[in-house]
Every structure is written in C-alpha cells, then in structure tokens.
Amino acid sequence: MDRGGGHLPAGSATATPRVAVIGCFHETNTFAGTPTDIEAFRRRRGWLVGPELAEAYSGTRTVVGGMLAAAEQLGFEPVPVFGAYATPAGAVTRAAFDRVTEQVIDGLQRAGALDGLLVELHGAMVVEDEHDPETRLLERIRRVVGDLPVVAVTDLHANMTPARVRHLDALVGYRTNPHVDTYEAGVRAAEHLQPLIAGGHPTVVVHRAVPVLAAPIAQRTDTEPLRGLLQTAHDLEHGHGLVEVAVHAGFAHADVAHAGLSFTVTAPADRRDRADEALARLCTQAWEHRHEFAVTLPDTDDAVRQTATRVEQAGGPVVITDTGDNINGGGPGDSTWLLRAAIELLNAPIAATLWDPAAVTAAREAGVGGRFEASLGGKAEVLSGAPLVGEATVRWLGDGDFVNRGPMASGARVSMGPTAVVGLGPADVILQSLPVQPNDPEMFRSVGLRPAGYAVILLKGAAAVRAGWGPLANAFVDAATPGVTDCDLRRLPYRARRGAWPLDPDLSFHGATRLEES
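Here you go:
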C-alpha cells in the first residue's frame, strides 16, 4: 500500500540493510492521579538517545535486546534511534509526548538511509488530551519513512485500534503473562522484517475487537480463557499460513473507548480471507468464554487470614499479591492496606516494599542502626490508605540499583533510587525513592534480605510476580486490595469505556466489529 509522504532515502539493495530501532513504552492508568511528565522518563534511565538505546538493552532478555540480537544474526545493521520508557502511572502530559515524538522524528531524520524499522510500543499509552497517541506517533513516523517496512511489537496488554495497524506491515504481540517472552517477540519482529526488506510477498494487517474488559489478575496465560485463545491463535497461524496472530488481552485500567480484548492478524496479502476467518473464530471463542475472565478475590483481611492458615500448614514463604496497588499497572506503590493488615493479624516475619521518598530521607538521616518516628506510605492517592506510623529501625541504606536475574527482562539494570530497609514490628520494609514492581527476588537480595527467610512476602503486583517468585513461594494468595488497579472493574469510575462486559453485563455481541487493514 502506498502511504506516501516519506522523504527518507532508502538503503542500497546491495549493502547491509540498515534497520532503525525505536522504543516508546508507557502503560497508562487513567485512574491514577500522578501524571507522567518528561522527568518520569528521564529519571529512570528511560530517555535513551541513539547508541544509548543499544547500550541499555544489548544482551538483555527484552524486546529491544531481541531485536538487536536478531538483526545482527540476520545480517542487518541495527540503527538505534531513540527509546522512551517510564513506569506505569497517570496520563502522559502533552509536553512529554510531544518531546518524545520530536526525539523519534529527529533521530530518524539523522539516521541516514534506512531499509526498515523495528518499533517497540506498549499499546496502552494515553496522553492527557489524546486517547490513541501511539497511532499519532506512527503517523509521524510514516511521514518520514514513507513505504519502508515497519514492524512493531506490543505488550500483551495493548489496547489496539484499527487506525494503528494501518501504519504497520506486521505486528508482533507478547504471548505470555507473566511476560517471559519479550526477547522472543523482538526476535520474531526482526524475522518478519527480513522478507519485507528483501522484497518478498506484501502483507496485510487486520484487526478486530471484542467488547470485553479483563482485570490483569485474570489475564494469566497459563489459565483459561487466555490459554485457550492463545492455543487457537497458534493453530490458526500455522494452519492458515499466516505470518503472526496476536492476542491482545487489553489494559482495563485505561479508560478509553478502545480498551479491551482484541486480535490482530498479519497475513500474506493474498490470504486476507484466511485472516478474516481467523479473526472471526477468535472473536467468537473470546465472547463465548468471557465469563471465565471473572475473578473473585478475598478482601485484604481475608487474604491475610488465608495466608496465616497456609503458613501454619505448610510453612513459608507465602506471597500475597497487592492487586489494588499493582505498580506495573499504574499503582503508586505506597498503599498501606495490606501491610497494615499483615502487621496486625500475623505473628510471623514479613517482607514488603513501599514507595516513599520522604521516608527514605528520614531513614538516611537516622543512619543504619538508628531509629526514627516513621510515617510510611499512604501519601500518593486517596485510595492508598493512611500512613503507617511507628518507631522504625534502619537496617540497610544504599543506591537501590540491581540487575534482574529472573525470567522477566533478565539482565536489565533496574534502579529504585536511594533506598532504605527499615524494620517496623514484624516487617522488614524496602523503602524506594522510585517505584519498582518487585517482579524479581533479586530486588530483595540486593538490599540484604533473604526471601526464603520470611514467612510472608507482600508484593505489589498481580500476575507478573509469579514468574520470578514461583520457584521460591510455597503458595500465592491474591488480595482484592483497594487502589487504582482494583481488580473489580465495576468499582472504577469509567466514563469513556462503556458498552463492554462486565460493565454492561447484558451486552450482546454478534461479531460485527469492522475489519481494518494496513
């Protein structure tokens, strides 16, 4: 398809193909009160210009790590352009998004002749005055590169749109939650780009949505209904001769009209009918099994009581997930509901995390071994609960830097900023200056804590924490804690996203959503 407008010179067919690598990644929780400004990208080593992108991700089990490794194996010259990454939070500010876009476009214009592009997106970014900014970004990219092939990778939780896929020649999605296949997704993207650069068969990208919202805790890919949908996608991809069949579970904590479950198929242009058949089958299956996305979790106190019973019966550590303060879903990381209940109801050693820069400062002033009157957490959101107040003992102080060693983003460098560990009653609490979801036990080891030594570990997350903690935990208990990542979607104040199950439980769906192509 002639998209027009591009003025970037194409690379030579006889030279090593030059492939641009771009990242723009943010999962936006529109119910969160903390906006994502430009400093949110910069402070977390998430503003990576040119070679900095490769330096940050080469050799890591990440999307860009996979893109870079596969590009070299396929004989491409990867050209790192720009990467913008920020912790999930509230809407991205207009100024921040415009600056990100400017960096991408400026980097492309400086990149020289190119033969193709690899782009990492989240798929659920929202700007304060724009609900589908990723489509806008791809539009701007297309104006520069014209008809050069563009292949994108999105998170499993992407809220995709028909407009977005029009700008792509292929789309790859993660296939696991917890996300342990990000590297493989990056590799597939490069592999799909190779025949497009070589002038092989053109592709068509088609998309279809189902009006279903699912909470993150219901989106594990080792349980139904996503396990079955992914198996069907795999069977259709191979049986129909399709390039890629992507299942997008959606991100329900973004209140936008296009939030929810959808599917995208990349197919040879002469197999458009097969792509349509695949989408129809997936949509029908998803709708018929929508009730399997329903989850009923114990409330905070009940979850703690269940945990006490499990510890008594089988020992620890037992992990309780703080699903209402899921940092990777936009939770601030400072909710106190679960930690307060655990301290009050458990007679066992507890480990936990809280985001609280002010408390870190107080701990640093007290020094290791010192005591101070602490006011921990409960500051960022109305739903965070009240601060935990009491005398705390400082056990450890440091810079909060560590390297992931588990199955998610292995090898990636992570920073919690200045960090403290304090003792409060039976709990050892990691206090972070920058909120980081505790997906990897290395976070605890890096600050001197031995996870196996605790009866109970409180983790601010949902499904994602199971990948790294599964080998260590005797059991998991998911708690329906209050917060901006509440797993009971009916309790959230949706405005833009209506006409979706379970918000509208009597909704009918007949698969009539219009198909779109690139």
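Counting from 33, one number per residue, gives the positions in the sequence shown under the working numbering. The beta carbon of each residue, even a glycine, is placed where N, CA and C say it ideally should be. Owing to the predicted nature of the structure, the values given are computational and were not obtained by experimental measurement.
For this session: Can you give me the start and stop residues for the beta strand (DSSP E) that Trp387 sits inside?
Result: Working through the sequence shown from its first residue, we reach residue 387 at position 355. Segment Ile382 to Trp387, the beta strand (DSSP E) holding Trp387.
Problem set entry | Of the residues Ala247, Ala246, Gln263 and Val237, the one placed nearest Leu274, counting alpha carbons only | Start at 1 with the first residue of the sequence shown, and residue 274 comes out as number 242. Nearest option by C-alpha distance: Val237.
For this session: Consult DSSP for Cys519 and reduce its assignment to one of helix, strand or coil.
Result: Position 487 of the sequence shown, counted from the start, is the residue given in the question as residue 519. In the displayed model, Cys519 falls within coil according to three-state DSSP, outside both helix and strand.
For this session: Could you tell me which uninterrupted alpha helix (DSSP H) segments, each at least 4 residues in length, are contained entirely in the stretch 358 to 407, listed from first to last along the chain?
Result: Annotation: the stretch 358 to 407 contains the following complete segments of the alpha helix (DSSP H) (minimum length 4 residues), in chain order: 369 to 377 and 389 to 398.
For this session: Pick helix, strand or coil for Leu85, following the three-state DSSP scheme.
Result: Translated into positions along the sequence shown, residue 85 becomes position 53. Leu85 falls in the helix class under three-state DSSP.
Exercise. Counting along the chain, where does the beta strand (DSSP E) carrying Glu109 start and finish?
Worked result: In the sequence shown, residue 109 corresponds to position 77, counting from 1. Start and end: Glu109 to Tyr117.
Problem set entry | Proximity below 8 angstroms, CB of Ile352 to CB of Ala335 | As a first step, residue 352 is located in the sequence shown; it is residue number 320 there, counting from the start. As a first step, residue 335 is located in the sequence shown; it is residue number 303 there, counting from the start. A Cβ-Cβ contact shorter than 8 angstroms links Ile352 with Ala335.
Exercise. Which residues share a DSSP beta bridge with Gln226?
Worked result: In the sequence shown, counting from the first residue as 1, residue 226 sits at position 194. DSSP lists no beta-bridge partner residue for Gln226.
Problem set entry | Buried or exposed (CB count within 10 angstroms, at least 16 for buried), Ser540 | Position 508 of the sequence shown, counting from 1, holds the residue named residue 540. Exposed, since its Cβ has fewer than 16 Cβ neighbours within 10 Å.
Problem set entry | DSSP three-state assignment for Gly422, whether helix, strand or coil | By 1-based counting over the sequence shown, the position of residue 422 is 390. In the structure shown, the three-state DSSP call for Gly422 is strand.
Exercise. Taking the alpha carbon of Glu256 as the point to measure from, which residue in Val51, Ala184, Val327 and Glu216 has its own alpha carbon closest?
Worked result: Locating residue 256 in the sequence shown gives position 224, counting from the first residue. Out of Val51, Ala184, Val327 and Glu216, Val327 has the C-alpha closest to the C-alpha of Glu256.
Problem set entry | Beta carbon of His290 nearer than 8 angstroms to that of Ala241 | Here residue 290 refers to the residue found at position 258 of the sequence shown. Here residue 241 refers to the residue found at position 209 of the sequence shown. With respect to Ala241, His290 sits close: the two C-beta atoms are nearer than 8 angstroms.
Exercise. For Val461 versus Thr355, is the C-beta distance shorter than 8 angstroms?
Worked result: As a first step, residue 461 is located in the sequence shown; it is residue number 429 there, counting from the start. As a first step, residue 355 is located in the sequence shown; it is residue number 323 there, counting from the start. Between Val461 and Thr355, the gap from beta carbon to beta carbon reaches 8 angstroms or more.
Problem set entry | Terminal residues of the beta strand (DSSP E) in which Phe325 lies | If you number the sequence shown from 1, residue 325 lands on position 293. Here Phe325 belongs to no beta strand (DSSP E), and DSSP marks it neither H nor E.
Problem set entry | Option nearest Thr62 by Cα separation, candidates Glu216, Ala284, Arg75 and His199 | In the sequence shown, counting from the first residue as 1, residue 62 sits at position 30. The shortest C-alpha separation from Thr62 is found at Ala284.
Exercise. Quick one: is Glu223 buried, meaning 16 or more other Cβ sit within 10 Å of its Cβ, or exposed?
Worked result: By 1-based counting over the sequence shown, the position of residue 223 is 191. For Glu223, the number of other beta carbons within 10 angstroms of its own is at least 16, and it is reported as buried.
Exercise. Is the stretch 516 to 536 touching the stretch 393 to 408 in the sense that three or more CB pairs, one from each, lie closer than 8 angstroms?
Worked result: Here the stretch 393 to 408 makes no contact with the stretch 516 to 536; the two share fewer than three CB pairs at distances below 8 angstroms.
Problem set entry | Rounded Cβ spacing between Ala221 and Asn191 (contact assumed at less than 8 angstroms) | Taking the first residue of the sequence shown as 1, we reach residue 221 at position 189. Taking the first residue of the sequence shown as 1, we reach residue 191 at position 159. Contact flag wrong, Cβ pair sits at about 20 angstroms.
Exercise. How far does the beta strand (DSSP E) with Val460 in it reach, from first residue to last?
Worked result: In the sequence shown, residue 460 corresponds to position 428, counting from 1. Here residue 460 turns out to be Asp, not Val, going by the sequence shown. Note, Asp460: beta strand (DSSP E), Ala459 to Gln464.
Exercise. How about Thr253 and Arg322: do their beta carbons lie closer than 8 angstroms?
Worked result: Position 221 of the sequence shown, counting from 1, holds the residue named residue 253. Position 290 of the sequence shown, counting from 1, holds the residue named residue 322. No, the pair does not count as a contact, with Cβ atoms beyond the cut-off.
For this session: Going by CA-CA distance only, name the one from Arg77, His239 and Glu324 that's closest to Asp308.
Result: Here residue 308 corresponds to residue number 276 of the sequence shown, with the count starting at 1. Measuring from the Cα of Asp308, the nearest candidate turns out to be His239.
Exercise. Are the stretch 501 to 514 and the stretch 359 to 370 touching by the rule of at least three beta carbon pairs closer than 8 angstroms?
Worked result: With a cut-off of 8 angstroms, the stretch 359 to 370 and the stretch 501 to 514 count as touching, because enough Cβ pairs lie within range.
For this session: Give me the Cα-Cα distance between Val433 and Glu344, rounded to the nearest whole angstrom.
Result: Walking along the sequence shown from the start, residue 433 turns up at place 401. Walking along the sequence shown from the start, residue 344 turns up at place 312. Strictly speaking, residue 433 in this sequence is Asp, with Val absent from that position. Using only the alpha carbons, I get a separation of about 35 angstroms.
Problem set entry | Touching by the beta-carbon criterion (3+ pairs, under 8 angstroms), the stretch 140 to 149 and the stretch 158 to 168 | Between the stretch 140 to 149 and the stretch 158 to 168 there are fewer than three C-beta pairs closer than 8 angstroms, too few to call the two in contact.
For this session: Please report how far the alpha carbon of Leu258 lies from the alpha carbon of Gly438, in whole angstroms.
Result: Within the sequence shown, residue 258 is the residue found at index 226, counting from 1. Within the sequence shown, residue 438 is the residue found at index 406, counting from 1. Cα-Cα distance, rounded: 23 angstroms.
Exercise. Alpha carbon to alpha carbon, how far is Pro234 from Val182?
Worked result: Residue numbering aside, residue 234 sits at position 202 when the sequence shown is read from its first letter. Residue numbering aside, residue 182 sits at position 150 when the sequence shown is read from its first letter. Their backbone Cα atoms lie some 12 angstroms apart in a straight line.
For this session: Would you give the residue range spanned by the beta strand (DSSP E) that His542 belongs to?
Result: Locating residue 542 in the sequence shown gives position 510, where the first residue counts as 1. No beta strand (DSSP E) holds His542; DSSP gives it neither H nor E.
Problem set entry | Whole-angstrom distance between Gly218 and Val185, CA atom to CA atom | Translated into the one-based positions of the sequence shown, residue 185 becomes position 153. Translated into the one-based positions of the sequence shown, residue 218 becomes position 186. Straight-line Cα distance between these residues: approximately 7 angstroms.
Exercise. Ile375 and Gly457 look like a contact to me (Cβ under 8 angstroms); what is the Cβ gap, rounded to whole Å?
Worked result: Here residue 375 refers to the residue found at position 343 when the sequence shown is read from its first residue. Here residue 457 refers to the residue found at position 425 when the sequence shown is read from its first residue. Yes, Ile375 and Gly457 are in contact; Cβ-Cβ is about 5 angstroms, under 8 angstroms.
Exercise. Apart from the five residues on each side of it in sequence, which residues of its chain come closer than 8 angstroms, Cβ to Cβ, to Arg76?
Worked result: Indexing the sequence shown from 1 puts residue 76 at position 44. Scanning its chain for C-beta atoms nearer than 8 angstroms, with the 5 sequence neighbours on each side dropped, one finds around Arg76 the residues Tyr117, Ala118, Thr119, Ser447 and Leu466, in chain order.
For this session: Determine the burial state of Ala418: buried for a count of at least 16 other Cβ atoms within 10 Å of its Cβ, exposed for fewer.
Result: For this step, residue 418 is matched to residue 386 along the sequence shown. The residue is exposed, with fewer than 16 neighbouring Cβ atoms inside 10 Å.
Exercise. In angstroms, rounded to a whole number, what distance separates the CA positions of Arg459 and Val479?
Worked result: Here residue 459 refers to the residue found at position 427 when the sequence shown is read from its first residue. Here residue 479 refers to the residue found at position 447 when the sequence shown is read from its first residue. For the record, residue 459 in the displayed sequence is Ala; it is not Arg. The alpha-carbon of Ala459 is positioned some 15 angstroms away from that of Val479.
For this session: Let me know if Gly361 comes out buried or exposed under the rule of 16 or more other beta-carbons within 10 Å of its beta-carbon.
Result: For the purposes of this step, residue 361 is identified with residue 329 of the sequence shown, where counting begins at 1. Per the 10 Å Cβ criterion, buried.
Problem set entry | Straight-line gap, Pro112 to Gly205 (C-alpha atoms, nearest Å) | Mapped onto the sequence shown, residue 112 falls at position 80. Mapped onto the sequence shown, residue 205 falls at position 173. Taking the Cα positions, Pro112 is about 21 angstroms away from Gly205.
Exercise. How many angstroms separate the CA atom of Leu106 from the CA atom of Gln464?
Worked result: Residue mapping note: residue 106 aligns to position 74 of the sequence shown, counting from 1. Residue mapping note: residue 464 aligns to position 432 of the sequence shown, counting from 1. Their backbone Cα atoms lie some 41 angstroms apart in a straight line.
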